[in-house]
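Okay, so the sequence shown: first residue is 2 according to this note's numbering, each after it adds one. From the three backbone atoms N, C-alpha and C, an ideal C-beta is built for every residue, glycine too.
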Amino acid sequence: MPGPITTALTVALSLTLAAHRYLEHRALGQLTHIHTDDTLYNKQKYGHILDYDAHSLILHGQPTLILSGEFHYWRLPDKTRWRPILEQYRSAGLNCIRIYFHWGFHSPAPGKYIFDGNRDIDYLLQICEEIGLYVLAAPGPYICAETQAGGFPIWLAAKREIRLRHMKTNLWKEYDAKFMEYCVEYFEQILPILARHQITEKEEGCVIGLQIENEAFQRVFGYPIGLHDDMRVLAKTARDCGMTVPLFTNDGFEQGSFIVKDDPGRRKKEFGIDLYGFDKYVVFTPNSEPTSWVVGRDPSFLEDWDPSTVISELDLMEKKVRSFGHANKRTPIFIPELQGGWFNHYGIQYTYDAIYRFYGDQYTRLMLDTVTSQGCTMLNFYMFYGGTNWGTIGDADVYTSYDYSACIREFGLMSGRLRKLRLGILFLQSFADITTRTDAVDSSKAMTVQSSLDKTICGQRRSRVVGLNGPVELTFIRNFSTSKLDRFELRARPTEKRESANAVRLSCCLAYKASFTALGNYTTINPGIHLILSVTPIYIRGFSGDGKKEIWIAGLAASGPTQMAFKTGLVIQEAGGQNVGAAGVQLSESSEDKTISVLSVPEGAMNAFVVLSSGNSVHQLHILFLDQMTLSTLYCYYDNRHANKKLAQSRGQLNPRNMASSPRIVTWGSYDARYNPQDKTLNVSSTESQDSLHILSFGQDLSLPTTTEPSFFGSGLQLQVLTLKGSQSVILKQQSASLWVAQNRQGIALSEWETRTTDFGSFDWRECSRLSSSSDRFRDVNLDYHFTSGHILYRGTFKTRQQQGRGIVTKSSPVALKVNMRNRIIAFVNGVCIGSHMTYSRQLMMPGAKMGYDPVSFGSHTFLVPSHAIEAAALHREGHPDEDHDQEHEIILVIDSFGLSRQPFVVDDIRNPRGLLSARVSGKDVVQGSEYWEVAGVDVTKLDMAYQSTGFPDEHSQQGWTNAGQKHPQLVPDAGVTWWRTQFEGPPSSFSSPSSASGSEFKSVGANIPLCCKIEGEFSAMIILNDVLVGRYIGSDSPQHDFYLMDGLLHKAGSGKQNELKIMMYGSQAAQEARIRILPWVVEDAQGELGQWSGNAAFEGEGVKEEEVRAGVFWTLQQTFSL
């Protein structure tokens, strides 16, 4: 007979299983008339345009890598920057973007949708089609993205009867049909626009996939939380609205949600989506990683990240995802969000610059190489350009900047991380016929490459492309060595005799926490030229127009020789370079295996080349070796839009490999370059130190002069060198820009300030009712009033009893004001500032929690009202006090809300209250029952843009402005809320045409000088540029002091327009002058002399001299050449 413990365990297990079955059953839902098969992608109809298998997407018959970057158009208020930023994506080698479409951004009020101006998504998709970017569309309805309410409209969040995301409470969903009606309404507004741009409906269409919901787990660690009815209705609505491309999902991490089931019975009951995707965020900053949500961390704490995290999170990814089975065995490994940096929080003491250093230049490249080693061929970097939480579009987790320490920094600088990543992308694109279809080598024993150093090989894959010597091999080199050495040996055996042959030893140089993909067992267009292994990265492969020459661009080792191993039988036709030494480039027989020759470039070379041939073949291999600084400027334009039939035909004729991604033009030597094949122009951005640009063409749609004599790069190439500073017009533009930078290095002169003060008495106040007469709590909060942008204002009155001979208030009978609010408050009594306070926490279940449950009964703060504040009321009374008199006092509370939370995963926090939750005035002389409260603000549902208000009803007032003369903005606490404005001239025109354009080698020239507004001091401020709210400043409670002034909002010099800078400010600290400057961005390595291109601030005023970090103003000269 079982004992009581056994019985109890059996009962507990039975109850657990029963509960789990119940949860599984309720999650399946009731709308089973909508079947998986009803919404599946129609391969039979559209498969010739877009198909997929276990390896990759197949576009127009070509297996295609999807290398994407996240783009949030709603974080760029200046629509004119959409194209330049997206062209930078293209310049980085990406062929796709994913877009979160923001419901609330387009719908400020019920039934109102706006799709024009900076919300014109039709225009955005046209740009993508014109510049050759595919689009993964993610319209939500929920998008998360560190934006208010996770992208839901404010008006919808305010409908408390609606269960947003079906959340009834934390961890518990219950299907809400009314909520789904609103979601369907939104889809019916936005999806027809997206449908017009589908690749399945338009020859040059860009949309290739539609994401349904966002991180809507079906299960988390086995716990059923996702509602099948939710996915059913959204997917069915998408199809009804004309979406014919594949649908996809994204788990927050690998959990196997909503996969199409093979079993007919399960397929009917469990809803599935075409493509399964999952997000991968691997390394978190110490103040963001999950344990910090529970245990607080020093806000200044940063430490090196541990490589073991990457190993545990990524190195078994492919096996885990394939283990989900069913359709997942037949679809590509797809990561809709692959970490490209991280965001920052209020209260942290380090900036995005420190976060950039924390991850380093190599991190995003490391992510790319590691997930590629796991067979991933569809990925999207989140973020690639973060942008700005302009206005109040960000949620409580983030401040104004959304820089994300991403590849493109907030002010547009293409960082070193982008440049390292681009090299990895160039390899994948150049060898796309090989990299799109690979299989993992299961064990290290089966690998043909071994290393002398621990933890430097993370995997090997064999391509489905099979040459004369078997499948091409990709070995993934990743240096996580415990010794952190950067020099080691790689030992390679030829594939066909891997068991018997001695391994050839090759010297490899790779920095700690860096990575690359080593190409091996590859046969060139000349069958006699067979690569055993290259231990230096090969970045570009192209073919000459006549098909007789294969051209590689490879890297030179940072230290030691640069080596490749080939089968013997090769002859060097030409070789040379710069600083290659007397020995030059050598081809020598391997001492370990006589059938292998080792090609070596000596250490110290700045560049080198070699032309190899074999036998009587006319086909050659031409290798260019470039140093690390030059490689940071490497650009390649690919033809990767397969829909164009003429280009597809020419590709087949001129490209022996018939590659999906065919290099057309390569450049190096400039900050950035962008080729336009339609008009054969090259847009070039250069820094002051860059004088020449090399252009290599492959003779397909652009013919350049062919080099006939050996140079640093050899003969027989279509190679041209352009002088970037040779024209008089260019020299004049450079001199003009340089002079402007020098004159404004310490800041643009700001004078003739005007000022005014907010008159709180002029506002339209409404009663702020309490829950009951005895309660301190108020019935409504900011969301109920639709006061969700910026500030919420409160006015309270109370009376004190004055008795003759006692004075007003003594120290023994103080007045206290106890408030509970979210998030930041400054309080005034009778016009006297009595203090400020912030209630905000990065920890869960703490008062003011940025995310998750907020214990609203806690977090109160008490202000002691000083006697002079009470006495200030008497100054406004007429006549003389009676023997007994009740004096009325006025309280003004200015509360700054950091924004609605975003409700991630299964958290129910969008309606966490903001503003004043409770208030009570107390004191011996306070008249009981005399307290009365009112509220004022800006109802965002009455605005065309719900995130563009300071919250002050007088924010657009033109009344009361007075000239402050040369006086700079002053903070005087008792002055209340003051407004300051001035005008300034912008930087030189970003683009202009030379007077002699018709006879010059270039078509136009201009300068790009991004600006920031730098603020210092302990106060709060709202920053408004030309009537657009571009930033919010809160002193030391936020790390941000530099605010990007968006280029598209600025009026440039010569435009005839001045720029208006307006600052709304207040504070409780002692009177002080606010230091406000507008200046160019001063960054480390501004001219790229060290090849880092971080874009990080130069840390002025911290004892570091500019020359020590090679700091300077970041700006570029822009030219358009006609080729």
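- Residue 1026 sits buried, since 16 or more C-beta atoms from the chains shown fall within 10 Å of its C-beta.
- The residue among 1013, 199 and 231 with its C-alpha nearest the C-alpha of residue 749 is 1013.
- Residue 311 has its alpha-carbon roughly 31 Å from the corresponding atom of residue 532.
- For residue 478, the three-state secondary structure derived from DSSP is strand.
- In this structure, residue 491 lies away from residue 475, with their beta-carbon atoms at least 8 Å apart.
- Judged by beta-carbon spacing, residue 578 lies beyond the 8 Å limit of residue 544, meaning their Cβ atoms are not closer than that value.
- Nearest C-alpha to residue 265 among 166, 298, 38 and 434: 38.
- In the structure shown, the three-state DSSP call for residue 1122 is strand.
- A Cβ-Cβ distance of about 4 Å is found for the pair residue 431 and residue 542, placing them in contact under the 8 Å criterion.
- For residue 888, DSSP records a beta bridge to 801.
- Bridge pairing for residue 612: 575 and 623 [DSSP].
- Bridge partners of residue 377 according to DSSP: 334.
- Using a Cβ distance threshold of 8 Å, residue 1120 and residue 725 count as a contacting pair.
- DSSP places residue 181 in the helix class (H, G or I) of the three-state scheme.
- Less than 8 Å separates the beta-carbon of residue 397 from that of residue 902.
- Excluding sequence positions up to five before and after residue 637, its CB lies within less than 6 Å of the CB of 427, 541, 664 and 667, all in the same chain and listed in chain order.
- The beta carbon of residue 442 is closer than 7 Å to those of 448, 461, 462 and 463 in its chain, skipping five residues each way along the sequence.
- Between residue 277 and residue 245, the C-beta spacing is not below 8 Å.
- Relative to the Cα of residue 68, the nearest Cα in the group 167, 1115 and 341 belongs to 341.
- With fewer than three CB-CB distances shorter than 8 Å, the segment 384-404 does not count as touching the segment 514-526.
- Judged by pairs of C-beta atoms under 8 Å, the segment 157-177 does not touch the segment 920-936, as fewer than three such pairs exist.
- Across the structure, residue 983 and residue 848 are spaced so that their CA atoms are roughly 39 Å apart.
- Remark: C-beta atoms of residue 378 and residue 333 approach each other more closely than 8 Å.
- When secondary structure is reduced to three states using DSSP, residue 870 falls in the helix class.
- For residue 1065, the uninterrupted beta strand (DSSP E) segment begins and ends at 1060-1067.
- In this structure, the beta-carbon distance from residue 757 to residue 963 falls below 8 Å.
- Comparing alpha-carbon positions, the option among 146, 393 and 318 lying closest to residue 72 turns out to be 146.
- Distances from the CA of residue 257 to each of 239, 247, 191 and 324 were compared; the closest alpha carbon is that of 324.
- Of all alpha-carbon atoms in 335, 366, 575 and 316, the one lying nearest the alpha-carbon of residue 456 is that of 316.
- In this structure, the alpha-carbon of residue 727 lies about 11 Å from that of residue 733.
- Contact between residue 1070 and residue 974 is confirmed by a C-beta separation of about 7 Å, below the 8 Å threshold.
- Separation of the CB atoms of residue 98 and residue 90 is rounded to 6 Å, and the pair is thereby assigned contact status at 8 Å.
- For residue 538, the closest alpha carbon among the candidates 553, 937, 527 and 445 is that of 553.
- Taken through DSSP and simplified to helix, strand or coil, residue 854 comes out as coil.
- One thing to note: residue 602 has its Cβ within 8 Å of the Cβ of residue 586.
- Measuring C-alpha to C-alpha distances from residue 688 to each of 102, 414 and 1035 identifies 414 as the nearest.
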